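Trainee:
Residue numbers (this note's numbering), protein chains in the order written: chain A, 3 to 240; chain B, 3 to 246; chain C, 2 to 282; chain D, 2 to 282.
1. Terminal residues of the continuous alpha helix (DSSP H) containing residue 185 of chain D?
2. Decide if residue 192 of chain D is buried, meaning its Cβ has at least 16 other Cβ atoms within 10 Å, or exposed.
3. Would you check if the distance between the CB atom of residue 215 of chain D and the CB atom of residue 154 of chain D is smaller than 7 Å?
4. Report the residue from B:39, B:108 and B:75 whose alpha carbon sits nearest the alpha carbon of residue 12 of chain A.
5. The ligand PLP and residue 259 of chain C: does the residue's C-beta get closer than 6 Å to at least one heavy atom of that ligand?
6. Any C-beta of chain A within less than 9 Å: which residues of the stretch 140-173 of chain B qualify?
7. Check whether the Cβ atoms of residue 156 of chain D and residue 86 of chain D sit closer than 7 Å, and answer yes or no.
8. Along the chain, where does the alpha helix (DSSP H) that runs through residue 35 of chain C open and close?
9. Determine, using beta carbons only, whether residue 150 of chain B and residue 48 of chain A come nearer to each other than 7 Å.
10. For the alpha helix (DSSP H) containing residue 65 of chain C, list its first residue and its last residue.
11. Would you be able to state if there are at least three C-beta pairs under 8 Å between the stretch 89-97 of chain C and the stretch 154-169 of chain B?
12. Starting from the C-beta of residue 209 of chain D, find all residues in its chain whose C-beta is less than 7 Å away, skip the five residues before and the five after it, and write them out in chain order.
13. Taking buried to mean at least 16 other C-beta atoms within 10 Å of its own C-beta, is residue 177 of chain B buried or exposed?
14. Using CA coordinates, which residue listed in C:195, C:194, C:196 and C:212 is at the minimum distance from residue 202 of chain C?
15. Alpha carbon to alpha carbon, how far is residue 90 of chain A from residue 70 of chain B? Give it in angstroms, no decimals.
16. What residues from chain B crowd round residue 166 of chain A, counting only those whose CB sits closer than 9 Å?
17. Could you confirm whether any beta carbon from chain A is found closer than 7 Å to the beta carbon of residue 21 of chain B?
18. Can you give me the Cβ contacts of residue 243 of chain D inside the same chain, cut-off strictly under 6 Å, excluding the 5 residues immediately before and after it?
19. Return the bridge partner residues of residue 21 of chain C from the DSSP annotation.
20. Is residue 186 of chain B close to chain C, meaning its C-beta is less than 7 Å from at least one C-beta of that chain?
21. Pick helix, strand or coil for residue 106 of chain B, following the three-state DSSP scheme.
22. On a Cα-Cα basis, can you pick out the residue from B:154, B:50 and B:47 that is closest to residue 51 of chain A?
23. Is the Cβ-Cβ distance between residue 137 of chain B and residue 29 of chain B less than 7 Å?
24. Report the residues of the stretch 235-261 of chain C with a CB closer than 7 Å to any CB of chain B, ordered along the chain.
25. Starting from the Cα of residue 168 of chain D, find the closest Cα among D:195, D:24, D:223 and D:5 and give me that residue.
26. Could you have a look at residue 217 of chain D and say whether DSSP puts it in helix, strand or coil?
27. For residue 16 of chain A, name the three-state secondary structure that DSSP assigns.
28. Whose CA, out of D:100, D:45 and D:28, lies closest to the CA of residue 218 of chain B?
29. What does residue 155 of chain C touch in chain B if you count any residue whose Cβ is under 7 Å from its own?
30. Do the stretch 14-28 of chain A and the stretch 84-98 of chain A meet, that is, are 3 or more Cβ pairs less than 8 Å apart?
31. Thinking C-beta only, is residue 195 of chain A closer than 7 Å to residue 147 of chain A?
32. Given a cut-off of 7 Å on the beta-carbon distance, is the pair residue 5 of chain D and residue 84 of chain D in contact?
33. When you compare the CB of residue 145 of chain C with every CB in chain D, is at least one pair closer than 7 Å?
34. Going by other Cβ atoms of all chains shown within 10 Å of its Cβ, with 16 needed for buried, is residue 228 of chain A buried or exposed?
35. Counting only runs that start and end within the stretch 109-157 of chain A, where is the alpha helix (DSSP H) found for 4 or more residues in a row?
36. Based on the DSSP secondary-structure assignment, which residues constitute the bridge partners of residue 8 of chain C?
Next up, the structure:
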């Protein structure tokens, strides 16, 4: 759920841009530092951005009949950490605005604040909480993705309510309206996305264990189940 | 076949070789005008200008433009409707000036969206990203975004092909199957993205990549006439709106 | 797996760079036989296969199975996919499960079959493709040729009447091509109809009972030696003439080969040639 | 672009399924000529090319250029890459930019050349590969064959002395293969040494000045008709004998072809055969 171009008054558009900026700048610095130390990570980060964009093109059937698309910010937060997601998420929002007509340019700040900042941080917090309280990887991923989605949707609804307060009951009434209108699509989506994350990780832990270890999602297994393969042998011929 | 219609239009647009800065000035000006000028006649004129320019001189296919404008429409209509419903003590009702308010909101949003779309359908992403560099975005970020742009088409192709292969084996018959398949699909595309990145970094190392993805910048010179007409047009828009 | 007749009638589908890819293509897949679908890159082979498999609904024209038109509804596609399976060119687009056996079971599980039935089908498919020894291996550890055969096994486990393969030999070395063709021969004995797309005219001549050339948005279908001997058609289709036909025709003219059908590959040609000079006149 | 001699000496490299891929491979690339590197899938063709290009430092043995050993240091690799370029099989592994012209400029820019020089090289490379008309098109709208040629242009713009191509014809139809070979011929005229890996023995026989077969971790190198006529070697390497050699040898024995070198493809064979019976004895 992206706020469309022109839907926020100028003061709000500017305000949210200022609010999101420190997080995005922090993410940009983190990315620049990573790339300086490790030039190949340009390609890995670009791939991560492309995946986040493409993930939102997966259609999730929902129980209510309408289908919706995952946001992927919770997954990104688990895999790449929230600071990096603040930047990648903003890049993806820019791409969505210009390649898909989802969202807008003056509303980019507001959308970045809800989807690239609040969503990933809330999702990551939920993930850490579940993991620290002894929950496994899969419950953690479910929590991360569902919470990231819910947090994004709640933030967006509040942003809209603030911009367009109810004529009679002000911000509170408007918040109730926006929260309930978009709940029809967003609450099932959050659950659906959490499930998707679980299914995805079930495949990933088998097929991409080394990558998950490199990203710190899985701890390195002391005794690998296959014969040790030296680093420099990706030369599988095709 | 996984081409994105807006992207295809941008590459085929008659304005493809115009300076991105010129187009940014025009679209940016229109976006701001749509936002700050009164809905009538400001937003309406902005919307008209964006549509006429896109379909006229920029020769964007009307079908592509029309479809793209429709994308945010559901959000705009539901959002505007929600905004003007009033929650009072006696339940729901219309806000006092509901029609005007909703009309204004829709006009601002549709005009703004059309103005953004004018930029999107005439300027490929790869022309816009170098502009970020001039806005003092770090090179590393611009390069990451460029790789994202190139790779998303590779991954979109994988996504649609794998999904088709799953559907052929009944992977999307019924909600249960479909969820299971979507999880596998996402995992396959994610591992594919890592594999792609690793192989691309091997491939580029062979071409001498050491610090960054530096390439020869494309020279798209600014047109003084285009800039002058843009400024004149925007001024006219503001004047008409102020007089009305 | 009884024989059923799959056909395309006047199919218009696909747009690329402003032109229709297929523009009135008609094709009848001969039941129980081997059809090679030939065409240059971009000619529309894959588009036609996708239409035949139900993945791409044609803009105009129709796809029929035993004369009944395929409708792109949920139930229509469901029935069609049980009868017709398409194996894509890149096996990585088709393998998405963790292990080989799991991947091959994907289709049968989705069909809602009972567990023993799924097991039986997986075992049978792995056996037919000679990859049973790989069952427990993760798919990403397989070689390219192995992955190709596992991808075919995944389609075979659906027990289709018509199995279509997009460029099954592309990227394989001669030995792997031989193994793939042997597997397809076993499948055909198991009562399937097989369609293979390729741009290798020599392979098509050697393998197929019938060939179809996709050219200028349409299809020209017929016996291999007739269609692949039509130089005008081949030039339009941007294909070469199979060497065996060119060389064979000359040797027939020289009286070195008996009249009638020409040999289709090097082995057959050598067998038909005399061993010593002057034996035949 | 003067001729330089690239060689591998006793190279040990790559591990797959617990075994060494290359185990003492030696190869000398003949300067100014066309070398076809043959081998089955998984034989180590790509590993050898990666060693020769400097991408993969061998565990043992050495890579030399005009006798000087390549050291895997930053400066050593930089100098090597100016002389030796490898084009990978999958063009998407090498194309990172959305714009064709910008992608081709990447190598020359990395060489630190001045802007006009970069522009000139990009224009020249696009011209040589016959893709100048694609310069303004986005990479993601190109067909597979077009992307392959743009990837080659990216390497050519580096003006390497030795250009190596991993399976440049894989997945291309006959016409596209012809175009690719024509582009390689133009390059060789422009004074390059060209190495092409393939498992198409017929293509190797037709195209190469010299062939090298990668087998059992080593390399056997020699003239095409000798190496590709060695049935024991081909069997070990899981390759077929080129049909032109088999058929040609028989026709020579039948007295239909003159003694000496055998024709290398169908056109040459037909030209060498008599038109009517009984002309030659």
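C-beta: ideal position from N, C-alpha, C; glycine also.
No experiment lies behind these values; they were computed from the predicted model shown.
Mentor: Per the coordinate set shown:
1. 175-190
2. With a 10 Å radius around the Cβ and a threshold of 16 neighbouring Cβ atoms, residue 192 of chain D comes out exposed.
3. no
4. B:39
5. Absent from the structure shown: the ligand PLP. Ligands present: none.
6. Listed by position along the chain: 140, 141, 142, 143, 145, 146, 147, 148, 149, 150, 151, 152, 153, 154, 155, 156, 157, 158, 160, 161, 162 and 165.
7. Cβ distance < 7 Å, so residue 156 of chain D and residue 86 of chain D count as in contact.
8. Here residue 35 of chain C belongs to no alpha helix (DSSP H); instead the beta strand (DSSP E) covers 35-39.
9. yes
10. The continuous stretches of alpha helix (DSSP H) do not include residue 65 of chain C, which lies in the beta strand (DSSP E) extending over residues 61-66.
11. yes
12. Closer than 7 Å at Cβ, skipping near neighbours: 35, 36, 37 and 225.
13. exposed
14. C:212
15. 24 Å
16. 81, 82, 84, 85, 86, 103 and 107
17. no
18. Apart from sequence neighbours up to five positions away, the residues of its chain that approach residue 243 of chain D with a beta-carbon distance below 6 Å are 202, 203, 206 and 229, ordered along the chain.
19. C:16
20. yes
21. helix
22. B:154
23. no
24. none
25. The residue with the shortest Cα to Cα distance from residue 168 of chain D is D:195.
26. coil
27. helix
28. For residue 218 of chain B, the closest C-alpha among the options D:100, D:45 and D:28 is that of D:100.
29. Residues of chain B with a Cβ closer than 7 Å to the Cβ of residue 155 of chain C are, in chain order, 171.
30. yes
31. yes
32. yes
33. yes
34. Caution is warranted here: a pLDDT of 45 is assigned to residue 228 of chain A, below 50, making its placement in the model unreliable, and the coordinate value is therefore given only provisionally. Result: exposed.
35. The qualifying runs are 110-113 and 121-134.
36. DSSP lists C:29 and C:65 as partners of residue 8 of chain C.
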